[in-house]
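Protein chains in written order, with this note's numbering: chain A, 25 to 151; chain B, 293 to 502. One structure is given below, encoded as structure tokens.
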């Protein structure tokens, strides 16, 4: 089966409020595309994404698979961490990537701090 | 600024509750990690009765359940809390999975509908908690984004967290793996079903809220 990925640069969501960010990303996912977002959402927005996903679930849209790959797990020096937090506060968190796929397409995202594996659903199983 | 003010006010309120030793203790985690099994274990140990039904089919708990005034004692210390068992947080719910587990289509669709509402309720209740025990299935990959999002949001709210790696009675379980995924938290390996390491868990609770 073919897998459709849509890259979303951070500046495309930068000026949007939290709710609109989440809706924009979910709208893409609901078109059966896998979003590859530059950077990551705020923790509160990740929570909102789950909440809004649940509100959208019906017989066709069954939810999302979600993973973030970033440097959070890495041991940064105190000054580097401070610098990184400062820039994130000013410019938004552009480091790493966020992957959001429809669960009817992406069966599982296996993640460890440095690697992501996307396991897709076989097409004949999809309804 | 608003966020900082909000965090400060919620911290003051939490501290007030903590002083009263009458906290709201939430059990959070993904579906089928054993939250209700742990809630039942706590209630059986200290109240002599169970709290809720458990099942192998995911999303058995679809409503917030509260057991008030659970009083526990350990080494001369006492703690009273309201225990809040929450529906498992997930990013996907497919009624067909419930059908594969043996439910008919109508039941499966109803369960899926209730489960989605349950996830939303769990998320909304995050702000109500004074302390949270995150219950993870020790046999599963701890790096799931649901786990990271739950713990990240608790951290952002300054809510004290204890992580439990459940199901250590199973060979596949790895407390070490859970600990390495969340090195900044204390992780206690337990079997809620068989009561393994449950005293360490209670000690961990006292250490968390004491």
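Backbone N, C-alpha and C define an ideal beta-carbon position, used for all residues, glycine too.
Original post:
residue 358 of chain B: buried (16+ other C-beta within 10 angstroms of its C-beta) or exposed?
Top reply: By the 10 Å Cβ count, residue 358 of chain B comes out exposed.
**OP:** Report the residues of the stretch 115-131 of chain A with a CB closer than 7 Å to any CB of chain B, ordered along the chain.
**Re:** Residues 127.
**OP:** Ignore the nearest five residues each way along the sequence and tell me which others in residue 401 of chain B's own chain have a CB closer than 6 Å to its CB.
**Re:** So the list reads 387, once near-sequence residues are dropped.
**OP:** Count the other CB atoms, across all protein chains shown, that sit within 10 Å of the CB of residue 322 of chain B; report buried if there are 16 or more and exposed otherwise.
**Re:** By the 10 Å Cβ count, residue 322 of chain B comes out buried.
Subject >> Span separating the alpha-carbon of residue 43 of chain A from that of residue 72 of chain A >> reply: C-alpha separation (whole angstroms): 8 Å.
Original post:
For residue 364 of chain B, which of helix, strand or coil comes out of DSSP?
Top reply: It is a strand residue.
Subject >> Cβ neighbours of residue 393 of chain B in the same chain (closer than 6 Å, five flanking residues each side left out) >> reply: The residues are 349.
Original post:
Which of helix, strand or coil does DSSP assign to residue 377 of chain B?
Top reply: Residue 377 of chain B falls in the strand class under three-state DSSP.
Original post:
Are residue 426 of chain B and residue 453 of chain B touching if we call contact CB-CB under 9 Å?
Top reply: Cβ distance < 9 Å, so residue 426 of chain B and residue 453 of chain B count as in contact.
**OP:** Pick helix, strand or coil for residue 486 of chain B, following the three-state DSSP scheme.
**Re:** Coil, per DSSP.
**OP:** Note down, in chain order, each residue of its chain lying with its Cβ closer than 6 Å to the Cβ of residue 151 of chain A, except the 5 sequence neighbours on either side.
**Re:** With a pLDDT of 44 at residue 151 of chain A, under the threshold of 50, the modelled position of that residue is not reliable, and the figure given next carries that caveat. So the list is empty, once near-sequence residues are dropped.
Original post:
For residue 376 of chain B versus residue 75 of chain A, is the C-beta distance shorter than 9 Å?
Top reply: No, Cβ-Cβ distance for residue 376 of chain B and residue 75 of chain A is not below 9 Å.
Original post:
When the cut-off is 9 Å and only beta carbons count, does residue 436 of chain B lie next to chain A?
Top reply: When Cβ-Cβ separations below 9 Å define contact, residue 436 of chain B makes contact with chain A.
Subject >> Nearest-angstrom Cα separation, counted from residue 353 of chain B out to residue 345 of chain B >> reply: Cα to Cα, the separation comes out at about 8 Å.
Original post:
To which residues of the same chain is residue 328 of chain B closer than 6 Å at the C-beta, ignoring the five residues directly before and after it?
Top reply: In chain order, 344, 346, 353, 377 place their CB closer than 6 Å to the CB of residue 328 of chain B, counting only its own chain and leaving out the 5 sequence neighbours on each side.
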